[in-house]
Amino acid sequence: MRWSETLIATLRDAPQDAEIASHKLMMRAGLLSKLGGGLYTFLPLGLKALRKVERIVREEMDRAGAQEVLMPALQPREIWEQSGRYSVLKDAMFKIHDRQERDLVLGPTHEEVITDLAARQISSYRQLPRTLYQIQAKFRDEIRPRFGLMRAKEFIMKDAYSFDTSWEAADKSYQAMYDAYVRIFKRCDLNVKVVEADTGAMGGNFSHEFMVLADSGEDGLVECESCAYAANLERADRRLPPQTEERTDQLPSPVATPNQKTIAEVAAFLKRPASQLVKTLIYVADGKPIAVLVPGDRDLNEHKLARALGGVTVQMADDRTIEQATGAPVGFAGPVGLKIPVYADAELKVPRVYVTGGNAADTHLLNVVLGRDAAVTAYHDVVTCREGDLCPKCGERMREKRGIEVGHVFKLGTKYSKAFDAGYLDAAGNRQIMVMGCYGIGVTRTLQAVVEQSHDANGIIWPASISPFQVSLVVPNVQHRESMVAAEALLKELEARGIEVLFDDRDERPGVKFKDADLIGLPVRAVVSERSLADGKVEIKLRTAADKMMVPVQDACQTLVDIVQKGTQS
RNA sequence: CGGGGUGUAGCGCAGCCUGGUAGCGCGCCAGCCUUGGGCGCUGGAAGUCGUGGGUUCAAAUCCCACCGCCCCGACCA
36 MRWSETLIAT LRDAPQDAEI ASHKLMMRAG LLSKLGGGLY TFLPLGLKAL
86 RKVERIVREE MDRAGAQEVL MPALQPREIW EQSGRYSVLK DAMFKIHDRQ
136 ERDLVLGPTH EEVITDLAAR QISSYRQLPR TLYQIQAKFR DEIRPRFGLM
186 RAKEFIMKDA YSFDTSWEAA DKSYQAMYDA YVRIFKRCDL NVKVVEADTG
236 AMGGNFSHEF MVLADSGEDG LVECESCAYA ANLERADRRL PPQTEERTDQ
286 LPSPVATPNQ KTIAEVAAFL KRPASQLVKT LIYVADGKPI AVLVPGDRDL
336 NEHKLARALG GVTVQMADDR TIEQATGAPV GFAGPVGLKI PVYADAELKV
386 PRVYVTGGNA ADTHLLNVVL GRDAAVTAYH DVVTCREGDL CPKCGERMRE
436 KRGIEVGHVF KLGTKYSKAF DAGYLDAAGN RQIMVMGCYG IGVTRTLQAV
486 VEQSHDANGI IWPASISPFQ VSLVVPNVQH RESMVAAEAL LKELEARGIE
536 VLFDDRDERP GVKFKDADLI GLPVRAVVSE RSLADGKVEI KLRTAADKMM
586 VPVQDACQTL VDIVQKGTQS
């Protein structure tokens, strides 16, 4: 394809609202155009790359035995009521209605639709297992769209759903998808870390996330330095370090802490490390207030708390509830004398002497020993892990990292199949419920993750498998007749061999063309110029290499074909 | 939703404080020149100064409201 005939406009400066490298580069290289917050048009170059990702996903889904369907983005509200998720997700959904005032939503995901479909289409164990998938736009009313395609209001997702006769069979389907994901991300040349994850609003029992490690990633995770354990911070557990008991004969004694509300303020005021303080958080769990205690230097993890309490919904109590529960203004809650259930982090189980809130204005308590001075209903690991915590599996140190979630696989179980009565008749003629799994890949996000992970100061470095074109053909001076003639011939030859070529035939200065070639980042660049032709050669350079090679004109096509084939295979 | 910022030509920005009919760089168009890392010169096109209202003889500039966009937060008492 000739550049002079395309709609590719590169930018010298990145738009000021682009923050991270991949977003800036995708804008500068002319892959995307912004329409509004979280809304982007894919320009021809960006779309070509996106289609490459989609193709890889399709090929691997098909290879894993999944079948493609296409479902409506527009969905009746009723099916969300039926699964019970309308109340959970309604703030995240775009809600609209038709002229008859019927309520509809723009689908943020498709569990409801697919389960309804399975219930209609599948009736016998002979039709199982089945895995169906779709690649299409999904819509989420994100609180804060950002980073270009990373968190957009409309994005393209591949979702697959498996239906099985039993949990054991479902495990197989899950594993097949897991393996397909490993292959997909490998083909995208992505360095992906698989971590254990929280199931969140999806529900279900078990899940893994596929994370592209990147400092700009929105998710935190920990990985063990020694064994294979890795988990999203929302879910990561830890092994407790050895602790020594600490006892005192002194009883809790109040100390005046005027206006010292936060842990940091109290610690500074009393000149004690935050770890000697206990933070008392008042929560509402299934409508009832509870207190949660964590070490002063740690953060409570609501996901872990909710799980520890048996999957209830938890949220911070409002100021009034806190005042009613503690009898004190916000900022001075403590466990001593509380009449509501008190849960504590497992680290607090070994008796030690702590400072806590005093349940009275401007007051904290010294010499508090949990168990002795305050009843604790139960101890659970409920804090967020951090760098240096010990691995729950092997006890070695864990590292904290950041990642971009590009894929997520869930064992859903029967949550949706029950809600939609997706059953089948087994061999004995008994009605059974299907066991489901669901498997998502953020296709547009994956594309950006590739750029985030593969670029340099000059621009994008596309992996051959995703690159919008395979070869960049540059004529530095289009006024030079022989260069153009030779380049045109090479272009024809390459395209006849099925190679996708972007021929930069613009009447631009050489510097502009080389800068643009680096920015757009096609894996191979061929230059035909007065200089190279003087020796009867074509210059060939890999985007990743510093050196150029000079190849005789008549060998140029074959050399490029070889390079492209080698690159695409790996 | 809370806090902060910002909105002036396709992109990046100045002008605003101190009101007087809008400017710079890049890009774009034309011509000349140049031709291996964002070249040089000349001439041009392009902006309802986010929107609405107000103050004023006069508003990009001051005031009010609204909207868009960006950042931080929205759990750590």
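Each residue of the first sequence is one higher than the one before, starting from 36 at the first, in this note's numbering. Note that beta-carbon positions come from the ideal geometry of N, C-alpha and C, so glycine has one too.
Which listed residue (the options) has its alpha carbon closest to that of residue i
| i | options | result |
| --- | --- | --- |
| Ser609 | Gln110, Val230, Lys550, Arg387 | Residue 609 lies beyond the stretch modelled for the chain, which goes from 36 to 605, so this question has no answer here. |
| Ile43 | Ser564, Met62, Ile55 | Met62 |
| Leu105 | Asn267, Ile575, Asp194 | Asp194 |
| Asp597 | Arg333, Leu529, Gly442 | Leu529 |
| Gly442 | Leu78, Lys221, Ala153 | Lys221 |
| Leu80 | Asp199, Leu595, Leu557, Val573 | Leu557 |
| Ala172 | Gln162, Leu184, Arg161 | Leu184 |
| Asp250 | Ile439, Arg516, Ile501, Ala309 | Ile439 |
| Val247 | Thr234, Glu258, Lys228 | Lys228 |
| Val588 | Ala524, Asp138, Ile157, Gln600 | Ala524 |
| Ala395 | Val377, Val417, Ala360 | Ala360 |
| Lys323 | Arg307, Pro287, Pro376, Lys314 | Pro376 |
| Asn226 | Ser489, Glu435, Ala343 | Ser489 |
| Gly346 | Asp334, Asp321, Asp353 | Asp321 |
| Gln514 | Pro545, Trp497, Ala499, Glu487 | Pro545 |
| Thr292 | Thr283, Leu305, Thr144 | Leu305 |
| Arg98 | Arg432, Tyr168, Ala552, Gly472 | Tyr168 |
| Glu253 | Glu189, Arg437, Thr200, Tyr160 | Arg437 |
| Ala410 | Val385, Val371, Val388 | Val371 |
| Arg37 | Ser564, Val559, Lys527 | Lys527 |
For residue j and residue i, the rounded distance between their alpha carbons
| i | j | result |
| --- | --- | --- |
| Ala454 | Leu312 | 46 Å |
| Thr41 | Ala561 | 19 Å |
| Cys592 | Tyr474 | 41 Å |
| Tyr91 | Phe182 | Residue identity check: residue 91 is Ile in the sequence provided, not Tyr. Those two C-alpha atoms are separated by around 24 Å. |
| Ile476 | Gln467 | 30 Å |
| Lys339 | Ser507 | 51 Å |
| Asp408 | Thr398 | 16 Å |
| Thr481 | Trp115 | 28 Å |
| Asp582 | Lys576 | 7 Å |
| Pro19 | Arg175 | For residue 19 there is no data in the structure shown, the boundaries of the chain being 36 and 605. |
| Ile357 | Ile495 | 52 Å |
| Gly602 | Val88 | 16 Å |
| Leu595 | Ala580 | 15 Å |
| Glu136 | Ala154 | 27 Å |
| Arg134 | Tyr121 | 21 Å |
| Gln285 | Asn402 | 6 Å |
| Gly119 | Lys374 | 33 Å |
| Phe367 | Ile170 | 51 Å |
| Gln350 | Val444 | 26 Å |
| Lys296 | Val365 | 8 Å |
| Glu517 | Gln210 | 57 Å |
| Thr144 | Gly100 | 22 Å |
| Ile157 | Leu163 | 8 Å |
Cβ-Cβ distance between residue i and residue j below 8 Å
| i | j | result |
| --- | --- | --- |
| Leu12 | Ala108 | The requested residue 12 does not occur in the structure, where the chain is confined to residues 36 to 605. |
| Thr391 | Gly369 | yes |
| Pro276 | Leu425 | yes |
| Asp5 | Val478 | Because the chain spans 36 through 605 in this model, residue 5 falls outside it and cannot be assessed. |
| Ile298 | Gly331 | yes |
| Ala53 | Glu487 | no |
| Lys548 | Asp539 | yes |
| Val418 | Val301 | no |
| Ala613 | Pro427 | Lying outside 36 to 605, the shown extent of the chain, residue 613 is not represented and no answer is given. |
The alpha helix (DSSP H) enclosing residue i, as first and last residue numbers
| i | result |
| --- | --- |
| Ser68 | Ser68 -> not in any alpha helix (DSSP H); beta strand (DSSP E) instead, spanning 67–71. |
| Gln156 | 146–156 |
| Phe97 | One point to set straight first is that residue 97 is Asp, not Phe, in the sequence displayed. Its alpha helix (DSSP H) spans residues 79–98. |
| Gly255 | Not the alpha helix (DSSP H): Gly255 falls in the beta strand (DSSP E), residues 254–259. |
| Pro111 | Looking at the DSSP string, Pro111 is not in any alpha helix (DSSP H); the run it does join, the beta strand (DSSP E), is 109–111. |
| Met61 | 56–63 |
| Val131 | Strictly speaking, residue 131 in this sequence is Ile, with Val absent from that position. Ile131 -> not in any alpha helix (DSSP H); beta strand (DSSP E) instead, spanning 129–132. |
Boundaries of the beta strand (DSSP E) in which residue i is found, first to last residue
| i | result |
| --- | --- |
| Val319 | 313–320 |
| Gly442 | 433–448 |
| Val403 | 398–404 |
| Ala326 | 323–330 |
| Tyr414 | 413–415 |
| Ala368 | Premise fails: Ala368 is in no beta strand (DSSP E) and is neither H nor E. |
| Gly392 | 388–392 |
| Glu574 | 572–577 |
Entirely within the stretch 451–501 and at least 3 residues each: give me those beta strand (DSSP E) ranges in chain order. 458–460, 466–468, 470–477
Runs of 4 residues minimum, wholly inside the stretch 164–250: which ones carry the alpha helix (DSSP H) assignment? 202–222
Would you mind listing the beta strand (DSSP E) stretches within the stretch 498–558 that are 3+ residues and don't spill past its ends, in chain order? 506–509, 536–539
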